[in-house]
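**Q** One structure coming up, written as structure tokens, with questions to follow.
Numbering (our numbering), first residue to last: 190 to 576.
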């Protein structure tokens with residue numbers, strides 16, 4: 190893989206993944222625009238995550254069956270239509286549907302990560318994945334920043350018009366630069382989907398990674414979904430721009446991604462993940478103690494992004510190393526569970542906020558992370574290829 194191609198894949202990953210996160214700092218503006226409650230508008234974020242998980246399950250496996258370039262370019266067209274539906278939705282119900290479709294179609298990054306693993310030289314696989322994942326996390330974080338600031342100035346729809354233009358631009362760039370990778374799976378779509386179950390049953394590294402990832406991202410999503418509501422109240426009284434700016438602070442987690450990719454060959458995956466879990470637990474303690482101050486929130490954001498991203502990269506490095514000729518399907522199983530966990534975390538956060546406010550959200554996030562620790566440490570029958 191050439192450096193220009195790696196950079197293009199990294200940038201594309203960051204730009205496309207942002208589609209799923211623009212709504213988070215804009216939920217307050219959307220609630221005012223549609224004259225609905227915070228609980229009702231929070232469904233936007235949850236439906237986007239559900240849509241993404243659904244797209245992961247039904248679209249991404251096709252990357253092992255259909256030529257990758259053709260599939261990716263087709264999906265880009267669907268993304269453009271979905272984003273357009275988002276800004277033109279006249280009712281909350283149609284906005285719900287459009288949000289689902291934005292998530293459903295914005296799965297291109299989860300096809301580019303396994304493509305990177307395939308194209309990179311074996312000795313550069315971890316660092317290449319780390320770089321692409323850095324782009325992905327930066328896209329998640331900076332999309333919140335951009336959406337928050339642009340939303341405060343021009344309204345919540347503006348960022349989606351910008352996103353449409355970016356999708357068209359990167360679709361054209363990929364049409365010229367992306368190599369045509371031959372499919373590795375021969376069979377029907379039904380057989381392809383059945384193989385997902387087979388991989389999950391027969392690969393302990395994979396399902397252990399899915400449990401850790403899903404539970405970790407559930408807590409992470411719970412925090413980001415409710416942060417904007419927390420900042421709107423005393424003692425902050427802040428708007429969407431401030432909520433979005435926290436994405437800049439969390440960018441340290443994105444920088445950690447490339448570092449983890451480099452040290453993964455020298456430190457065991459088990460050890461890296463254990464350390465990541467303790468960092469996540471510490472972040473929730475900080476949110477509980479200092480959640481009503483900017484210093485506490487800033488410290489917690491750095492910790493939660495660092496911990497989650499380190500664990501995420503380590504999870505993916507572990508199952509991509511299996512070399513089963515099924516990178517898209519392995520990533521599908523993992524990422525479907527990952528974002529299903531995010532959807533669950535969003536739902537739990539909306540309930541926790543409704544009944545217990547900030548402390549309820551912190552407790553929910555801490556419990557999710559504690560379950561990650563139990564799963565990780567409690568699995569004492571580690572397979573040989575889980576180093």
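Where is the CB? At the ideal position from N, CA and C, for every residue including glycine.
Consult DSSP for residue 561 and reduce its assignment to one of helix, strand or coil.
**A** Reduced to three states, the DSSP call for residue 561 is helix.
**Q** Where do the ends of the alpha helix (DSSP H) carrying residue 206 lie?
**A** Residues 192-206.
**Q** Excluding sequence positions up to five away, which residues of its chain have a Cβ less than 6 Å from the Cβ of residue 330?
**A** So the qualifying residues of the chain are 436, 439 and 440.
**Q** To the nearest angstrom, report how far apart residue 334 and residue 343 are at their CA atoms.
**A** If you take the alpha carbons of residue 334 and residue 343, they lie about 14 Å apart.
**Q** Going by alpha carbons, who is nearest to residue 237 out of 275, 509 and 318?
**A** Residue 275 is the option with its Cα nearest to residue 237.
**Q** Does residue 303 come out as helix, strand or coil in the three-state DSSP assignment?
**A** In the structure shown, residue 303 sits in a helix (DSSP, three-state: H, G or I).
**Q** Leaving out five residues before and five after residue 202 in sequence, what residues of the same chain have Cβ atoms less than 6 Å from its Cβ?
**A** Here the set comprises 298, 301, 321, 324 and 325.
**Q** With 16 as the cutoff for other CB atoms within 10 Å, does residue 314 come out buried or exposed?
**A** That one is buried.
**Q** What does the alpha-carbon distance come out to for the pair residue 226 and residue 553?
**A** Cα-Cα distance, rounded: 22 Å.
**Q** Pull up the distance between the alpha-carbon of residue 232 and that of residue 536, whole angstroms please.
**A** Straight-line Cα distance between these residues: approximately 8 Å.
**Q** When you compare only the Cα positions, how much space is there between residue 365 and residue 486?
**A** Computed Cα separation, rounded: 43 Å.
**Q** How should residue 455 be labelled, buried or exposed, when 16 other C-beta atoms within 10 angstroms of its C-beta is the threshold for buried?
**A** Exposed, since its Cβ has fewer than 16 Cβ neighbours within 10 Å.
**Q** Beta-carbon separation of residue 208 and residue 295 under 7 Å?
**A** Yes, Cβ-Cβ distance for residue 208 and residue 295 is below 7 Å.
**Q** Applying the 10 Å Cβ sphere with the 16-neighbour rule, what's the burial state of residue 545?
**A** With fewer than 16 other Cβ atoms within 10 Å, it is exposed.
**Q** Could you give the DSSP three-state label for residue 515: helix, strand or coil?
**A** Three-state DSSP puts residue 515 in coil, outside helix and strand.
**Q** Jot down the residue ranges of each uninterrupted alpha helix (DSSP H) in the segment 216-250, minimum 4 residues, whole runs only, in chain order.
**A** 216-223, 227-230 and 232-247, all fully within the segment 216-250.
**Q** Grab me the residues of residue 411's own chain with a C-beta within less than 8 Å of its C-beta, minus the 5 sequence neighbours each way, in chain order.
**A** So the list reads 534, 535, 537, 538, 541, 550, 553, 554 and 557, once near-sequence residues are dropped.
**Q** Report the CB separation of residue 218 from residue 292 in whole angstroms; it is logged as a contact under 8 Å.
**A** Between residue 292 and residue 218 the Cβ distance is about 19 Å, and since that is not below 8 Å, they are no contact.
**Q** Measure the alpha-carbon distance for residue 223 versus residue 529 and round it to whole angstroms.
**A** Spanning the two alpha carbons is a distance of roughly 27 Å.
**Q** Taking residue 306 as the reference, which of 244, 521 and 190 has the closest Cα?
**A** Taking only the C-alpha atoms, the option nearest residue 306 is 190.
**Q** Ignore the nearest five residues each way along the sequence and tell me which others in residue 337's own chain have a CB closer than 6 Å to its CB.
**A** For residue 337, where only same-chain residues beyond five positions count, the Cβ hits under 6 Å are 214, 429, 430, 432 and 433.
**Q** At which residues does the alpha helix (DSSP H) containing residue 282 begin and terminate?
**A** Segment 281-294, the alpha helix (DSSP H) holding residue 282.
**Q** Determine the direct distance from the alpha carbon of residue 510 to that of residue 457, and round the result to whole angstroms.
**A** Rounded to the nearest angstrom, the two C-alpha atoms are 13 Å apart.
**Q** Please report the straight-line C-alpha distance between residue 229 and residue 242, rounded to a whole angstrom.
**A** Cα to Cα, the separation comes out at about 21 Å.
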